[in-house]
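The structure under discussion appears below in the form of structure tokens.
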Amino acid sequence: MSPDRAVLRRALDRGEEEGGSVEFKERLTEDLHLSEGRLESLAAQLRHRVLSGDGEATYVVGVTDDGGLAGISPDEFSESMDVLSLLAEEAGAHIEEVKTWGVDGVGSTTPRADGTDGSADGVASESDESPLDGIVGVATIREGTVLDDDDHIVVGTAGHVDHGKSTLVGSLVTGEADDGEGGTRGFLDVQPHEVERGLSADLSYGVYGFDDDGPIRMDNPHRKSDRARVVEESDRLVSFVDTVGHEPWLRTTIRGLVGQKLDYGLLTVAADDGVTETTREHLGILLATDLPTIVALTKVDIVSDERVAEVERDVERALREVDKTPLRVERHGVETAIEEISETVVPVVTTSAVTQEGLSDLDAMFEALPKTSGEVGDFRMYIDRTYNVQGVGAVASGTIKSGEVEAGDRLLLGPMQDGAFREVEVRSIEMHYHRVDEAKAGRIVGIALKGVREPDIERGMVLLPADAEPTGVREFEAEVMVLNHPTRIGEGYEPVVHLETISEAASFRPEGGQLLPGDAGATTVEFKFRSYFVEEGQKFVFREGRSKGVGTVTDVSTD
């Protein structure tokens, strides 16, 4: 028996013990279970279940009162989860996880779309074509509400190898001073991995928080239970995501961090090594994508004051070369840095993970910096990932770039392979496994869609209002800057272009025939295989082998 099927079996075996934490429901409906008086009663029941389970309850939906498998339709299951989410919210809790199975016979289930297999004895194979009598689901309810995204900022870190990036973050999230040998780096010397459910960032290598009394730090960043403690106790969260310079950056930052949106950049420059070509490259990419950025001078404890001042001047010179204004935090203060940080103003702070110099300044900034808001205007969301969830259907996840969306809205999805857009309907919306009626710009959401199959949805597609008149773009004009390239870039150069969640090979035709390293100039960009929704003013990154560059879309009327 697979571990996930065992979850269902254990829930059924435990039954509704008197005073226990397991509840059986065949289905939940808005008309009946959210009616006046009934809502309060059911919320109190849910609260009792949560308290009986020491902060966790299990709701099994699609079963009879005695635990028999009944199964309900996908629409009924979706409505049941919406109702359960509202009941949980009323009781000061939230849905943390939902696992579903398709019932295709008495005592037989087919696990679906949640990582379980479908080939065990007595269980039908997983197949969309298999006729199912209904859905059975197990929802895990946890005490506490989901932290609002407005109280969680995500910081993308960058920096040359051995410039103290991981050591600095390790000291920030644990509060421990480094031993001078990179000891705190050991907390973070792992591949980026999933943060405990409930956080916005799925890929992170460090997280800490704040409450009214100050920072809440981690004892052991490798332990998920420690992450969960920080999430539970914090009123404000800061996640650090390893970004530029390694392949994970392309998978997360450029192509989208599971629909995530970075709020700030943190670039480390070691005082002993100074500004390198890699530093300039990373700085150019961070700032070219309009990410408000902080520069941290690290390792100031191992060099003279004169050397620190020299590197500070080099950093300021590098910033001015890309039309940015440096702001020394030591001179102007933390409050000024918080007020002035922007796409053009870059705070610079001197730090040491050994002496902890400057770390309190970073704490103060991360505690007070606002989450970068989404754009105003009509609804727009680029798709980062897709799922087929039993009982829900096709789900598209991503960050809402602008506007708002509500359950029941009609949207356009595309462009499809033929360049056309398809009308779809919003069945439901989820944030952190929490059903919501609506979501606004800047939110990371999963949107269940009617009118389309999951295999027909691809990363890089966009969701727009139904009354929009979008056109797929195969070719566009852009202004680009070459950050690094071994030779010249000429006509026919074919890098991968990363724009929003689009990641597609493209062909360049530079104006004037060529671009050299460090050059900025105009070029025509043509996607090799299909069209996408592209707008003037959008930023993009391109990469091919050792070469890297950034660009801005200037004209989309060439298609």
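With the UniProt record's numbering applied, the sequence shown closes on residue 559, and no number is skipped along the way.
We put the CB at the ideal spot given by N, CA and C, even for glycine.
- Within the region 389–435, the beta strand (DSSP E) runs of at least 3 residues that lie entirely inside it are, in chain order, 393–402, 404–406, 410–414, 422–431.
- It is roughly 23 Å from the alpha-carbon of residue 40 to the alpha-carbon of residue 98.
- Taking the Cα of residue 403 as reference, the smallest distance to any Cα among 465, 424, 384, 435 is reached at 465.
- If only complete runs of 4 or more residues are kept, the region 285–340 shows the alpha helix (DSSP H) at 305–321, 329–332, 334–340, in order along the chain.
- The way I'd put it, the region 337–351 doesn't touch the region 272–279; fewer than three beta-carbon pairs between them come closer than 8 Å.
- Residue 180 sits away from residue 143, with the two beta carbons spaced by 9 Å or more.
- Burial check for residue 495: the Cβ neighbour count within 10 Å reaches 16 or more, so the residue is buried.
- Counting along the chain, the unbroken alpha helix (DSSP H) around residue 81 starts and ends at 74–90.
- Looking at the backbone, the Cα of residue 522 and that of residue 491 are separated by about 12 Å.
- For the set 518, 517, 524, the Cα lying nearest the Cα of residue 509 is the one of 524.
- Between residue 96 and the set 426, 62, 356, 138, the nearest pair of CA atoms involves 138.
- Three or more beta-carbon pairs drawn from the region 46–62 and the region 75–85 are found closer than 8 Å, and the two stretches are therefore classed as touching.
- If you look at residue 507, you'll find it in the beta strand (DSSP E) that goes 502–510.
- Taking every protein chain shown into account, the CB of residue 376 has fewer than 16 other CB atoms within 10 angstroms, so this residue is exposed.
- Residue pairing by DSSP places residue 211 opposite 214 in a beta bridge.
- With contacts defined by Cβ atoms closer than 9 Å, residue 430 and residue 445 form a contacting pair.
- Segment contact: the region 509–518 against the region 454–473, fewer than three CB-CB distances shorter than 8 Å; contact not assigned.
- Listed in chain order, the non-local C-beta contacts of residue 325 below 8 Å within the same chain comprise 319, 344, 345, 346, local neighbours out to five positions each way being set aside.
- Here DSSP, grouped into helix, strand and coil, assigns residue 274 to coil.
- Distance between residue 65 and residue 27, taken at the CA atoms: about 11 Å.
- If you check the CB distance, residue 539 and residue 289 come in under 9 Å.
- Secondary structure at residue 282: helix, using DSSP grouped into helix, strand and coil.
- Rounded to whole angstroms, the Cβ separation of residue 239 and residue 207 is 5 Å, and the two are in contact under 8 Å.
- Cβ contact annotation for residue 420 (same chain, cutoff 7 Å, sequence separation greater than five): 414, in chain order.
- For residue 540, no alpha helix (DSSP H) encloses it; the enclosing beta strand (DSSP E) starts and ends at 539–544.
- Comparing alpha carbon positions, the residue from 292, 178, 25 closest to residue 158 is 292.
- Judged by DSSP in its simplified three-state form, residue 533 adopts coil rather than helix or strand.
- Residue pairing from DSSP places residue 345 in a beta bridge opposite 325.
- Excluding sequence positions up to five before and after residue 513, its CB lies within less than 7 Å of the CB of 490, 491, all in the same chain and listed in chain order.
- Residue state for residue 385 is assigned as strand, using DSSP reduced to three classes.
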